[in-house]
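Numbering (this note's numbering), first residue to last: 13 to 150. Glycine included, every Cβ here is placed at the ideal spot set by N, Cα and C.
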């Protein structure tokens, strides 16, 4: 198994800037950058040590993130791990009975990502993303 590094925690929100302001006011974590992802999602990045909190604000009423918000309300959506070899990590997960929800595809900040179904992972969606040095070698 390749090395894993906790990269970020994704939190679905109705209003990215309102939530980011609440986090900054309450615990001093400032919003560093906002990216519009494929016109379906605004992603706010809040650095915390060597990882980020990502605030995910759906900008359309359709899609996985919008559906999650409708069904579950605001809250933690996924945890993300950086892996050295995305294809090998996904193959290992599938071999062990985990279903792929989405991907591989290009995610935020141009990283190659896959989302794994949380049903067999303690109810938590897991995102795997390839480390930049791995994608540079391909």
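query	result
Distance between beta carbons of residue 76 and residue 26, contact taken as under 8 Å	16 Å between Cβ atoms; not a contact.
Span separating the alpha-carbon of residue 130 from that of residue 103	16 Å
Unbroken stretches of the alpha helix (DSSP H), 4 residues or longer, contained in the stretch 48-116	76-84 and 98-107
Given 8 Å, three or more beta-carbon pairs between the stretch 113-131 and the stretch 91-103	yes
Straight-line gap, residue 17 to residue 92 (C-alpha atoms, nearest Å)	9 Å
Helix, strand or coil at residue 135 according to DSSP, with G and I counted as helix	coil
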